[in-house]
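Residue numbers for the sequence shown follow the UniProt record's numbering, so the first one is 1 and each next one is one higher.
We treat Cβ as the ideally placed atom computed from N, Cα and C, and that holds for glycine.
Below: one structure, written as structure tokens.
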Amino acid sequence: MSYYEEEETPRLSLIARIGFAGAFCAFVLAGGVYYLHHKRLTQTVADATDGVSPETLADPTVAAFIAGSGKGDGKANAPTDVTGSLPDASAIKDQLGPVSGLPMPRFVSLKPDKVNVRQGPSRDQTVSFIFQKANLPVEVIAEFENWRRIRDADGSEGWVLQNLLSGKRTALIAPWSKQPTLPLLASADRKANAVAMLQPGVQANIKSCTSNWCRINGDGFDGWIQESNLWGAYPGEAVD
């Protein structure tokens with residue numbers, strides 16, 4: 001008669017069981033840490049964007065700034081537009097600044113003779129360049145709280161505090177022109193007599209604009225010039 005031994009069910013050693021339990025606990029702990037971190041990150045982004053309009057969030061610099069670490073300490077590289085082109089005049093009327101409610105883009109001027117232009121809307125952001133002349137015309141192209149993103153005649157962009165800007169309208173005489181001088185006329189008429197010859201890039205104050213003509217003045221000159229020869233007023237814009 002043959003006898004068969006009953007097979008013994010394999011049993012885990014004490015060390016193996018301890019190792020399995022430890023791995024299970026580590027997995028549970030890691031899952032909990034991930035959940036808490038994800039919840040905190042989601043809440044941080046939600047807090048950072050609270051009260052910020054969709055139009056402002058669409059601006060790539062603001063989006064990068066908020067994604068950095070919430071409201072106030074993110075780092076962002078400011079994109080640069082070097083085209084120097086003017087926006088479509090018909091589109092200007094359809095856009096309003098989310099903070100000011102004013103048309104955007106719009107022309108303003110620098111108030112002091114020294115203005116730091118930063119990469120993002122915070123004093124902690126790096127200064128990209130510095131303006132060193134008061135009353136220069138610039139465009140406001142984005143708004144974020146008390147900061148404004150501006151663009152100059154060369155196409156350089158950056159963020160400045162709103163209180164460094166003025167509603168005073170100024171302009172540069174056709175900085176793109178290859179002509180040595182452009183005529184300033186006695187009236188809004190191409191046949192009018194020239195009262196001065198102005199070099200491209202000369203800064204002037206805008207007194208008024210109507211029917212595609214602007215009356216400007218500056219140091220030693222006062223007269224009329226076609227609106228298309230100014231960087232500081234949009235084609236067809238009326239300025240009182």
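Among the options, the one whose alpha carbon lies nearest that of residue i
i    : options                : result
F107 : G223, A194, L165, Q125 : L165
G223 : S187, L172, E145       : S187
N163 : L136, K111, K207, P180 : K111
G101 : P137, E145, A196, N135 : E145
V239 : Q226, S208, A134       : S208
P137 : L172, G120, V202, Q119 : L172
F221 : M197, T210, E139       : M197
L161 : D189, K191, D124, T181 : D124
W147 : Q119, N135, A134       : Q119
Same chain, Cβ closer than 7 Å to residue i, neighbours up to 5 away in sequence not counted
i    : result
Q132 : D113, K114
A194 : P183, L184, L185
N205 : T170, I216, N217, G218
8 Å Cβ cutoff, residue i in contact with chain D
i    : result
S122 : No chain D appears in this structure, which consists of one protein chain only.
Where residue i sits in the DSSP three-state scheme
i    : result
G70  : Reliability fails at G70, whose pLDDT of 39 lies under 50, so the model's placement of it is uncertain and the value that follows must be treated cautiously. DSSP places G70 in coil when its eight states are reduced to three.
N205 : strand
N212 : coil
S128 : strand
E145 : coil
Q43  : Legend: pLDDT at Q43 = 41, less than 50; position of this residue unreliable, value from coordinates given subsequently. In this structure, Q43 counts as helix in the three-state DSSP scheme.
S109 : strand
S177 : coil
E237 : coil
L136 : coil
Cutoff 8 Å; reference residue i; Cβ partners in own chain excluding five residues on either side
i    : result
F129 : V117, S156, G158
I141 : M104, P105, R149, I150, R151, E157
G84  : Note that G84 scores 35 on pLDDT, short of 50, meaning its location in the model is unreliable; the coordinates nonetheless yield the value given after this. For G84, where only same-chain residues beyond five positions count, the Cβ hits under 8 Å are A153, D154, G155, W176.
Neighbour-count burial assignment, residue i, 16 or more Cβ in a 10 Å radius
i    : result
Q199 : exposed
S122 : buried
L230 : buried
V202 : buried
Q179 : exposed
C-beta atoms of residue i and residue j nearer than 8 Å
i           : j    : result
residue 257 : K168 : Outside the modelled stretch of the chain, which goes from 1 to 240, sits residue 257, for which no answer is possible.
N212        : G232 : no
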